[in-house]
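Each residue of the sequence shown is one higher than the one before, starting from 9 at the first, in our numbering.
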Amino acid sequence: FLEEKLKILGLTDREAEEFIIYWLPKLESNKYNYIRFATREEIDANMPLTIKPEPDTTIRILMEYKGLENPIEVEEQSLEKTERKGFVAVEWGGTEIK
9 FLEEKLKILG LTDREAEEFI IYWLPKLESN KYNYIRFATR EEIDANMPLT IKPEPDTTIR
69 ILMEYKGLEN PIEVEEQSLE KTERKGFVAV EWGGTEIK
């Protein structure tokens, strides 16, 4: 799941691997997980970022997750594909929904 979604969001295989290595132990501690990725608009509105010189491509990923005891039905999130070009800045993180 994460490999597929992170590729759509623009991460390279190595970047996705680092993301997964960090987050998988936290996710595996739950029986089930609800996962949502914040939109770029949400991230930019809540966490402004300035980089000089300005990158040609900026990838910002914020995964929100909530551990669940039982599975739930949710509509699959539609993610915008990110194309990398030129100087690329990557920022990723996540937060647990309590």
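C-beta: ideal position from N, C-alpha, C; glycine also.
query                                                                                                     : result
Whole-angstrom distance between residue 70 and residue 32, CA atom to CA atom                             : 15 Å
Residue 9 versus residue 58 - alpha carbon distance                                                       : 31 Å
For residue 48, the first and last residue of its enclosing alpha helix (DSSP H)                          : 48-54
Beta strand (DSSP E) runs contained entirely in the segment 21-76, provided each spans 3 or more residues : 40-45, 65-76
C-beta atoms of residue 14 and residue 98 nearer than 8 Å                                                 : no
Paired residues, beta bridge with residue 82 - DSSP                                                       : DSSP, once it has assigned bridges, lists no residue as partnering residue 82.
Residue 104: first and last residue of the uninterrupted beta strand (DSSP E) it sits in                  : 96-104
Whether residue 62 touches residue 102 by CB criterion (8 Å)                                              : no
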